[in-house]
Amino acid sequence: MVVAATGLVVGLGAAGTAVAAGTGSGVAGTPCSATAKACVDLESQQAWLMKGGKVTYGPVDVATGGHGTETPTGDFAVYDKDRDHHSAEFDGAPMPWSVFFAPGGIAFHEGDRDSGSAGCVKLRNQDATVFFGKLAQGDRVEVR
């Protein structure tokens, strides 16, 4: 019997598209693979931008989802960006510099890091603008 596999699907990207597991070795100082463009470590509450297996920005402090509204873990792809987004789910709450990467409207965005989110990854203003400027549609985001 011959079994062939072309890759391991570990998450969903935009509109439910599958995202394959990361390949290659990890990036030193992060929990993510060399194929990631953005990395989030839920345990340390830090994030990085990466290119070619090297950290290009970070680590930066973040705030992520709390109990019952956890930030999803896995491998995702950026599917939308909105510089001046307002949440339809949370009474028009501002979400400036939004970079959407996971189902359910989960995004990197500027926000108060002293409180948890409803699943998003909140960054201080300076960091949110850098993430917005450096990430593009289709870029790989890994959350660990």
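Taking the working numbering, the leading residue of the sequence shown gets -9, the next gets one more, and so forth.
Where a beta carbon is used, it is the ideal one built from N, C-alpha and C, also for glycine.
Being a predicted model, the structure only gives us computed values, none of them experimental.
Taking K27 as reference, the option from N115, S34, G42, P21 with the minimal CA-CA separation is G42. Nearest to D117 by alpha-carbon distance, out of R134, V131, F98, is F98. Rounded to the nearest whole angstrom, the CA to CA distance from T25 to R130 is 7 Å.
In the displayed model, F80 falls within coil according to three-state DSSP, outside both helix and strand.
Residue pairing of P86 in beta bridges, as defined by DSSP: D74.
Rounded to whole angstroms, G16 and A83 show a C-alpha spacing of 36 Å.
Here the region 65 to 85 makes no contact with the region 34 to 52; the two share fewer than three CB pairs at distances below 8 Å.
Rounded to whole angstroms, the gap between the alpha carbons of G106 and F122 is 20 Å. Bridge pairing for G55: S107 [DSSP]. From the listed residues Q35, F91, M40, the smallest Cα separation to Q127 is found for F91.
Ranked by Cα distance from T54, the options R134, P21, R114, C110 are led by C110. In the three-state DSSP reduction, K27 falls in the coil class, being neither helix nor strand.
Judged by DSSP secondary structure, Q36 falls outside any alpha helix (DSSP H) and instead within the beta strand (DSSP E) spanning 36 to 41. In the three-state reduction of the DSSP assignment, T119 falls in the helix class, which pools H, G and I.
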